[in-house]
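Its first residue numbered 1, the sequence shown is counted upward by one per residue in the UniProt record's numbering.
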Amino acid sequence: MQAKRPINVRSDEQWQKCCERFNSTKFKEISSKNLQNREASDDKSGHGRKSYAQYMHEK
């Protein structure tokens with residue numbers, strides 16, 4: 001099943017390349033590794049749009 005092409009993708013060729021990239025084994029491996037790294041990180045930000053420096057300055 002292929003997803004519907006978004007409006008901002010100008011051609012079917014662009015959409016096909018996008019689908020191939022996000023369905024590739026290499027992309028899925030990198031994505032999985034990034035997810036594991038984020039979950040293992042002790043640095044959970046909870047300050048929304050503010051930068052860490054702004055958050056610390058206001059503290």
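Just so you know, even glycine gets a beta-carbon here, dropped at the ideal spot from N, CA and C.
Bear in mind that the values here come from a model prediction, so they are computed numbers and not experimental data.
Less than 8 Å separating the beta-carbons of C19 and V9? no
N37: first and last residue of the uninterrupted alpha helix (DSSP H) it sits in: 25 to 40
Specify the secondary structure class of R21 as computed by DSSP and reduced to three states. helix
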